[in-house]
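Per full-length UniProt numbering, the very first residue in the sequence shown carries number 1; after that it's consecutive.
No residue lacks a Cβ here, since even glycine has one placed at the ideal position from N, Cα and C.
What follows is one structure encoded as structure tokens, with my remarks underneath.
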Amino acid sequence: MIVQIIGAFIAVLTLALAFGVPRKFLVYSAIVGAIDWLVYLISLGRGLSLAMSVFVATLVIAFISHAFARRFKAPVTVFLIPGILPLVPGVGTYRIVYYLILEDGAKASYYFYQTLQIAGMIAIGIFIMDTFFKFFQKPLSVVGKEAEDIELQGSVSVEDSTGHVLEEEEKRMEQDLLARAEALRKKMKEREKDDLGL
């Protein structure tokens, strides 16, 4: 098992280099890949099916990738795409073509179904974890809307009970609201930069 985990680490590290992952994230991407394969092997050892083992491993590495992305302020794909490599059903695809060439339709169909299962479990696992993390992240559109609402509030005049405009109070509130709007704009830009990995 240890040899396989080390092999997964080296394979993912190599792929991350080929994909142009920033050097400061290379080791972390490789760690994700190693954990990926470790969880997969443990799941198989516990008696789970091939598809379920892939699903469990995908959930774990998708979670870790999101955690790393927030910790290091980098895109999730920096860790997830290289890290998912050990689970990608490349061998299954090869076997499909191989048995098709040998005109063995039964085995080709078997590996086709198996490959579809694995690919489906990977997609579902990533989708579930992405959805989970979105509940804890405020959409940028909401932040932008708040800034616009504050600007609109700043343009409203404040009147006392006699109908006279309280000029000083209005100016003070206007400045305060504009400051809040600017702060929200900055926050929105920072989130955009975080999503882009800048």
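> Taking the alpha helix (DSSP H) that Asp130 falls in, what are its first and last residues?
Replying inline: Run containing Asp130: Gly105 to Lys134, per the alpha helix (DSSP H) assignment.
> In the structure shown, what three-state DSSP assignment does Val21 receive?
Replying inline: The answer is coil: DSSP assigns Val21 none of H, G, I, E or B.
>> So, with DSSP's three-state summary, where would you put Val32?
In response: Correct three-state label for Val32: helix.
>> In whole angstroms, give me the CA-to-CA distance for Val56 and Glu103.
In response: The alpha-carbon of Val56 is positioned some 34 Å away from that of Glu103.
>> Check whether the segment 17-24 and the segment 46-61 touch, using three or more Cβ-Cβ pairs below 8 Å as the test.
In response: With the cut-off at 8 Å, the segment 17-24 and the segment 46-61 do not touch.
>> Given this structure, state the Cα-to-Cα distance separating Ile122 from Lys187, to the nearest angstrom.
In response: Their Cα atoms are separated by approximately 33 Å.
> Where does Ala74 fall in DSSP's three states?
Replying inline: Three-state DSSP puts Ala74 in coil, outside helix and strand.
> For Gly90, which of helix, strand or coil comes out of DSSP?
Replying inline: Correct three-state label for Gly90: helix.
> Is the segment 26-37 in contact with the segment 60-68, if contact means three or more CB pairs nearer than 8 Å?
Replying inline: Yes, the segment 26-37 is in contact with the segment 60-68.
>> Using only the alpha-carbon positions, how far apart do Phe136 and Tyr110 sit?
In response: Each residue's alpha carbon lies about 40 Å from the other.
>> Quick check on DSSP: helix, strand or coil for Gly7?
In response: In this structure, Gly7 counts as helix in the three-state DSSP scheme.
> Which class does Met1 belong to by DSSP, given the choice of helix, strand or coil?
Replying inline: Under the three-state reduction of DSSP, Met1 is assigned to coil, being neither helix nor strand.
> If we count the other Cβ atoms within 10 Å of its Cβ and call it buried at 16 or more, is residue 199 buried or exposed?
Replying inline: This structure cannot settle anything about residue 199, because the visible part of the chain is limited to 1 through 198.
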